[in-house]
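J.:
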Amino acid sequence: MRKVIALTVTLAIVATTLATLSAGTLRAAPVQAQGKDTQVRGKKTQAKPDFFADLALNQEQKDALKANREATRRKMAQLRELMLAKRQELNAEFQKETLDKRKLNAVASDIKKISGQLLDLRIQGVVFLKETLTAEQFARFQEKMKQLQAQIAKSRNKMMQPKKTGQQPEETDDLDIGKAGIP
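In my numbering, the protein residues as written are 55 to 237.
(1) Using three-state DSSP, classify GLN215 as helix, strand or coil.
(2) Measuring straight from C-alpha to C-alpha, what distance separates GLN205 and ALA107?
(3) In angstroms with no decimal places, state the Cα-to-Cα distance between ALA207 and ALA193.
(4) From LYS198 to LEU173, what distance separates their C-alpha atoms?
(5) Among the residues of its own chain, which have a CB less than 6 Å from the CB of GLN171, if the five just before and after it don't count?
(6) Could you tell me whether the Cβ atoms of LEU158 and MET130 are closer together than 7 Å?
(7) For my contact list, GLN191 and LEU109 are in at a C-beta cut-off of 8 Å; report their separation, rounded to the angstrom.
(8) Do THR186 and GLN115 have their C-beta atoms within less than 7 Å of each other?
(9) Could you say which of LEU144, THR126 and GLN113 lies nearest to ILE165 if we only look at CA atoms?
(10) For my contact list, GLU147 and LEU153 are in at a C-beta cut-off of 8 Å; report their separation, rounded to the angstrom.
(11) Just to confirm before moving on: does the CB-CB distance between PHE182 and ASN122 stay below 7 Å?
(12) For the alpha helix (DSSP H) that ALA139 lies in, which residues bound it at each end?
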């Protein structure tokens, strides 16, 4: 049972990351020639090399991946725009003096449907990739995905760390809500 859960989680992570890459939703600079610097949100960063460069793709595979990436990118952009509009609609309903539960449920249902469509696109992307690449190429791709996920996790962890100010926070042995002035 644990193996099934672990496999499901791994597939979900790979599918999400693949969809993100194939749909171009990573918040990074456009790919430029290797070694050139570029600007991302006002910060100078090293340009990222082509993700599929060392998979030794033939021209047919490159063309198929490019066509799939462009089609998926368009579909995902449309769904994300629709999702944003529905979330704004939901927030607008929450701001009203009286809540219309039927309207809230209808908008929530639309959001769930769009979320499912996004997941379907991610799964289709993984299936397409598995059908397009050879077993060896797919294995190398998965290894690169693991490396990318580790880099993303490291970056997120780094962003979540408090900035060092030179002073250490005061340590306490226990948490007593009563001491904090909360009854």
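Quick reminder that beta carbons are idealized off the backbone N, C-alpha and C, glycines included. All values derive from a computational prediction rather than experimental measurement.
T.: The short version:
(1) The residue labelled residue 215 in the question sits at position 161 within the sequence shown. The three-state reading of DSSP puts GLN215 in coil, since its state is none of H, G, I, E or B.
(2) In the sequence shown, residue 205 corresponds to position 151, counting from 1. In the sequence shown, residue 107 corresponds to position 53, counting from 1. Going by the C-alpha atoms only, they are around 19 Å apart.
(3) The residue given as residue 207 occupies position 153 in the sequence shown. The residue given as residue 193 occupies position 139 in the sequence shown. Distance between the alpha carbons of ALA207 and ALA193: 21 Å.
(4) Your numbering for residue 198 matches position 144 in the sequence shown. Your numbering for residue 173 matches position 119 in the sequence shown. LYS198 and LEU173 have their C-alpha atoms some 22 Å from each other.
(5) By 1-based counting over the sequence shown, the position of residue 171 is 117. So the list reads LEU133, once near-sequence residues are dropped.
(6) Against the sequence shown, residue 158 aligns to sequence position 104. Against the sequence shown, residue 130 aligns to sequence position 76. With a cutoff of 7 Å on beta-carbon distance, LEU158 and MET130 are scored as not near each other.
(7) Residue numbering aside, residue 191 sits at position 137 when the sequence shown is read from its first letter. Residue numbering aside, residue 109 sits at position 55 when the sequence shown is read from its first letter. In this structure, GLN191 and LEU109 form a Cβ contact; the two beta carbons are roughly 5 Å apart against a cut-off of 8 Å.
(8) On the sequence shown, residue 186 is found 132 positions in, with the first residue counted as 1. On the sequence shown, residue 115 is found 61 positions in, with the first residue counted as 1. The Cβ-Cβ distance between THR186 and GLN115 falls below 7 Å.
(9) Against the sequence shown, residue 165 aligns to sequence position 111. Considering only alpha carbons, the answer is LEU144.
(10) Here residue 147 corresponds to residue number 93 of the sequence shown, with the count starting at 1. Here residue 153 corresponds to residue number 99 of the sequence shown, with the count starting at 1. Approximately 7 Å separates the beta-carbon atoms of GLU147 and LEU153; this is inside 8 Å, confirming the contact.
(11) By one-based count along the sequence shown, residue 182 stands at place 128. By one-based count along the sequence shown, residue 122 stands at place 68. The Cβ atoms of PHE182 and ASN122 lie closer than 7 Å to each other.
(12) Position 85 of the sequence shown, counted from the first residue, corresponds to residue 139. Note, ALA139: alpha helix (DSSP H), 113 to 149.
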